[in-house]
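Visitor: Using the working numbering, the letters of the sequence shown correspond one by one to residues 460 to 1077. What follows is a single structure, and I will ask about it in a moment.
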Amino acid sequence: MSAPLRRAQQGNTESGNGTPPVQRRPRASAAGNNSNNSSTSASTTSTTTSNSARRTTATASTAASSSSIPSRPKPSSSAQAAPAPPNNGIPFRNTGNQKEYFQIYQNLQNLVKARSDADKPRIFVFTDVEQDYDDLLAVIFLAEMHRMGAIELVGFVANHQPAEKRVNFLRTVLQLLNLGHIPVGQGTPGVEDLSKHTFDFYYGLKNATFAGGPWNRNRAPPASTLIPQVLAANRGKEVTALMLSSLQDIGEFFYQQKKKADFHDGNFAKCVSQGGYEVSVETVPPATTSASRGGRATTANNRPKTVVKIAPTPKVTNNEFHMTQARNYHDCLATYKMPSDGYSKNLAMASRLSGTFMTSLFDIGPIGAHLEWLWMRLEFKFYWDPFNWPFLPHLNVDWYLNTRLGLAPNSPEAAEIRRAGGLPFHAAAPKIKVLAYDLCAAMGATGDDFMRSLGIMAPENQMPPYNRAAHRHRIFGAAPGDLGGIDPSRLSTVMEAFVLGGLLASQRHANQLIPRGSVQHTPVKSKIKLPIFHDKIAMRNHATRQAELAKAAAEADAAGKKQTARRLQQDADSEGAEARKLEEKIKKAEKVTKVTMPNRGEIPYEELYQEAMRGIRG
């Protein structure tokens, strides 16, 4: 992995403007699958401060080996007083390693100058910010595009239970990004069956500082009220709906629009979604009518019809949250011929960012401090589950190695990890790739001219036929090798430039509102002691192995392989003995007569994370 970007507060000897240099690195390959992998934890108890001397980065320096993560110094005072962007609004210098990002901003400025006001996209965002980290990256990017005049943000809906907490977090982020005037509505719970979804993740919505603030004193309006209000205020202008979360709120809004004489009256002009859909075109034969000789008569009103159907892609999280409204939303796109773009996981996989880039953001203002908390813990959970207790059967070690580390299943490195029985977190962390699903969709919402001016989207005559302008419903990333005319390497470069630039441009204002060192989180503390949890997991593993070996022994015996059967049974007995030893140890420690195994909601992720970080620091 390449050397980290120098931190913003360390300054730049070439330019002196406090911005870090830019270092390019090889891109990740477009392979693998992803699924949101999450579970619950227990009650909240204690508070920690992000500006701790114990903080460590998840990337290795060029001088360090891939099996260690060097500690970062505490932020210097210069980070709190970083200079504002130059007069041209570009937070980079046209020199040295910053030059590439500077030129990207120049291209953006040229586009903004060439556009008319009517061509500027007006964007309304639906987000479940804090469900993971890519929503926050998307918000940072959109705020920077708003600051640069490339788009106009007209409103947000924060949905997914607990929506009220997401609203407060989002309003604080917008304040820090100089967008406190943008209205935020409180959305629906976002799921069809509340009993099947739990929301107390150990990593999200734990920022006690961002939950407060005078801007959060008043309750946000419901989404059902805010959406028509914003659209009415922008009547005569085209507003794009950007869906980065559950489709319940947009689906319910469309349901109300269907009651109108004109579905498009007071509605969005275009929809862009993260997740994906499948488009099919069917030809419906004409009805048979009676002719004088009993044949068929085809008239102007009785010709074959072309019917476009759109179905939500199955097993995509934002669709699965509320499938009824997901189907309603997609049906409306087709029925009422509303232009739409879908951005799938395949594009995000192909344009992954490096963990090195992510950690370069951590020291930039209060949002950077929060990204450190959120990203490190979420990635630890993605790491721990596959190696210890897969959340779903397919979210196994192979899934982790491919999706999070970018290793092909048949690669020598992946094979070595399997032979070794896994790898510790400190060895995995420097290799992590950042999947910015929502950020990809947010980039697309800024318009084709934006994407083409920055070299991300192919010219119209080089686009695949299904994604050309004549097609109302487009999909980017239909398959791992079919990205719909997008250059993933260029996409990731531009994403880096604008996310980093957005944090740099806003950090002085953000630090004045909430100093970086004051950001506090309330971690979840488990009810189960960590040593006992380790023993219970080990006991379960021994018992599972015992059952597998006993079954294999019985099969070998039935096949007449007596010697093999005896050996397997001996191994099974040994595993069983280890399980019983641990069982007695746990009973004594807990003072019980029967061991109760933890459920997924009782996994002590925070304690496991802190244990892993102590190992890294040690």
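All C-beta atoms in this analysis are idealised placements derived from N, C-alpha and C, irrespective of residue type, glycine included. Given the structure is predicted, the values throughout are model-derived calculations rather than measurements.
Under the three-state reduction of DSSP, which class applies to Ser509: helix, strand or coil?
Guide: Unreliable positioning characterises Ser509 in this predicted model, as indicated by a pLDDT of 43, which lies under 50. The coordinate reading is nonetheless provided below. Of the three classes helix, strand and coil, the one that applies to Ser509 here is coil, per DSSP.
Visitor: Put His932 into one of helix, strand or coil per three-state DSSP.
Guide: strand
Visitor: Which same chain residues end up closer than 7 Å to Gln427 when comparing Cβ atoms and leaving out the 5 residues on each side of it in sequence?
Guide: An answer regarding residue 427 cannot be provided, because it is not within the stretch 460 to 1077 covered by the chain.
Visitor: From the DSSP output, in three-state form, read off Gly814 for me.
Guide: helix
Visitor: If you draw a straight line from the C-alpha of Glu1070 to the C-alpha of Pro990, how long is it?
Guide: 11 Å
Visitor: I need the DSSP call for Lys457, collapsed to helix, strand or coil.
Guide: The structure shown does not extend to residue 457, since the chain is modelled only from 460 through 1077, so no value can be given for it.
Visitor: Could you give the residue range of the beta strand (DSSP E) that holds Gly916?
Guide: Correcting the residue type first, residue 916 is Met in the shown sequence and not Gly. Run containing Met916: none; DSSP gives neither H nor E here.
Visitor: Could you give the first and the last residue of the continuous alpha helix (DSSP H) run that contains Met782?
Guide: 782-794
Visitor: Quick check on the DSSP output: what are the complete beta strand (DSSP E) runs of length 3 or more inside the stretch 930-1016, in order along the chain?
Guide: 932-935
Visitor: Starting from the N-terminal side, write out each stretch of the beta strand (DSSP E) that is 3 residues or longer and does not extend beyond the stretch 857-915.
Guide: none
Visitor: So is Ser575 buried or exposed if we call it buried at 16+ other beta carbons inside 10 Å?
Guide: exposed
Visitor: Let me confirm a value: Gln1029 is counted as buried when at least 16 other C-beta atoms fall within 10 Å, else exposed. Which label applies?
Guide: Exposed, since its Cβ has fewer than 16 Cβ neighbours within 10 Å.
Visitor: Considering only the alpha carbon of each residue, which of Asp822, Gly865, Leu913 lies closest to Ser813?
Guide: Gly865
Visitor: So the candidates are Gly880, Leu882, Asp857; which of them puts its Cα closest to the Cα of Ser870?
Guide: Asp857
Visitor: Ser739: buried (16+ other C-beta within 10 angstroms of its C-beta) or exposed?
Guide: exposed
Visitor: Cβ of Arg1059 versus every heavy atom of the ligand COA: is any distance shorter than 7 Å?
Guide: Within the structure as shown, the ligand COA is missing, as the structure has no ligands at all.
Visitor: Going along the chain, which residues of its own chain have a beta-carbon closer than 6 Å to the beta-carbon of Gly735, five neighbours each way excluded?
Guide: Result list for Gly735: Thr772, Val775, Gly801, Ser803, in chain order.
Visitor: What is the C-beta distance between Pro687 and Gly646, in whole angstroms, given that I count them as a contact (C-beta under 8 Å)?
Guide: Incorrect: roughly 14 Å between the Cβ atoms, too far for contact.
Visitor: Below 8 Å on the Cβ atoms is my guess for Phe780 versus Gly614; work out the distance and round it to an integer in Å.
Guide: Contact flag wrong, Cβ pair sits at about 21 Å.
Visitor: Would you list the residues sitting across from Lys729 in a DSSP beta bridge?
Guide: Thr699
Visitor: Inspect the beta-carbon positions of Pro550 and Gly960 and report whether they are closer than 8 Å.
Guide: yes
Visitor: Given that a residue counts as buried once 16 or more other Cβ atoms are within 10 Å of its Cβ, and exposed if not, what is Tyr661?
Guide: Tyr661 comes out buried.
Visitor: Let me confirm a value: Lys988 is counted as buried when at least 16 other C-beta atoms fall within 10 Å, else exposed. Which label applies?
Guide: exposed
Visitor: Taking the C-alpha atoms as reference points, what is the distance between Pro982 and Gln590?
Guide: Their backbone Cα atoms lie some 16 Å apart in a straight line.
Visitor: Rounded to whole angstroms, what is the Cα-Cα separation between Arg999 and Ala1038?
Guide: Rounded to the nearest angstrom, the two C-alpha atoms are 7 Å apart.
Visitor: Going by DSSP, what residue range makes up the alpha helix (DSSP H) through Arg625?
Guide: 622-635
Visitor: Express the C-alpha separation of Gly1035 and Ile1045 in angstroms, rounding to a whole number.
Guide: 15 Å
Visitor: Looking only at its own chain, which residues have a Cβ that is under 8 Å from the Cβ of Pro1057, when we skip the five neighbours before and after it?
Guide: Ile987, Phe992, Lys995
Visitor: Under the rule that 16 or more other beta-carbon atoms within 10 Å means buried, what is Arg676, buried or exposed?
Guide: exposed
Visitor: Give me the residue from Leu837, Lys558, Tyr564 with the minimum Cα distance to Glu1065.
Guide: Leu837
Visitor: Can you tell me whether Lys1047 is buried or exposed, with buried defined as 16 or more other CB within 10 angstroms of its CB?
Guide: exposed
Visitor: Relative to the alpha-carbon of Leu1027, which residue among Leu1008, Ser1033, Ala1018 has its alpha-carbon at the smallest distance?
Guide: Leu1008
Visitor: Within its chain, find whatever has a CB closer than 7 Å to the CB of Val571; leave out the 5 residues flanking it on each side and keep chain order.
Guide: Correct list, in chain order: Met607, Gly608, Ala609.
Visitor: Go ahead and pull the three-state DSSP assignment for Lys768.
Guide: strand
Visitor: Would you mind working out which of Asp587, Asn778, Arg786 sits nearest Val768, comparing C-alpha positions?
Guide: Note that residue 768 corresponds to Lys in the displayed sequence, not to Val. That would be Arg786, whose Cα lies nearest to the Cα of Lys768.
Visitor: When the distance is taken between beta carbons, is Gln733 closer than 8 Å to Arg897?
Guide: According to the sequence as given, residue 897 is Asp; it is not Arg. Yes. Within cutoff.
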